[in-house]
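K.L.:
Numbered by the numbering used here, the letters in the sequence shown go through residues 35 to 143 in order.
The structure is given below, and queries will be raised subsequently.
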Amino acid sequence: MNAPLLSVEDLKTHLFLRRGVVKAVDGVSFTLDAKETLGLIGESGSGKTMTGLSLLGLPPKPAGRIVGGSIRLEGRELVGLDEDILAEEIRGRRIAMISQDPMTSLNPV
35 MNAPLLSVED LKTHLFLRRG VVKAVDGVSF TLDAKETLGL IGESGSGKTM
85 TGLSLLGLPP KPAGRIVGGS IRLEGRELVG LDEDILAEEI RGRRIAMISQ
135 DPMTSLNPV
């Protein structure tokens, strides 16, 4: 059996602020096979954007850091991967994030 296209296991991204540590992503896990689509939904502040930024290796600087877990793209570990490699090979080429403005994108009717 082939490895999943994307595998996220126990991902933890924290924000280190003056007032303390915010666990912005705390134990997120999922797998995605080729030709599958994943949408992250949830309330404001639930960690959707921070999860996406973590997948791209872009937690907000200087406060944000991936402190645990694994992100594997076709078996290749992305957590801790060199910034130049992420920028040249991964971001926008293999993994991208599309943000939506809920006031113009969602139709509850």
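Virtual Cβ for every residue (Gly too), placed ideally from N, Cα, C.
Owing to the predicted nature of the structure, the values given are computational and were not obtained by experimental measurement.
(1) Within its chain, find whatever has a CB closer than 7 Å to the CB of Arg-128; leave out the 5 residues flanking it on each side and keep chain order.
(2) If the criterion is Cβ atoms closer than 8 Å, does the pair Arg-125 and Leu-90 meet it?
(3) Helix, strand or coil: how does DSSP classify Leu-92 here?
(4) Which class does Glu-70 belong to by DSSP, given the choice of helix, strand or coil?
(5) Rounded C-beta distance between Arg-110 and Phe-50? I'm assuming under 8 Å.
P.N.:
In terms of the structure at hand:
(1) If you number the sequence shown from 1, residue 128 lands on position 94. Correct list, in chain order: Leu-107.
(2) Working through the sequence shown from its first residue, we reach residue 125 at position 91. Working through the sequence shown from its first residue, we reach residue 90 at position 56. It is a contact, given that the beta carbons lie within the stated cut-off.
(3) Taking the first residue of the sequence shown as position 1, residue 92 is located at position 58. Three-state DSSP puts Leu-92 in coil, outside helix and strand.
(4) Position 36 of the sequence shown, counted from the first residue, corresponds to residue 70. Coil.
(5) Within the sequence shown, numbered from 1, the residue matching residue 110 stands at position 76. Within the sequence shown, numbered from 1, the residue matching residue 50 stands at position 16. Between Phe-50 and Arg-110 the Cβ distance is about 27 Å, and since that is not below 8 Å, they are no contact.
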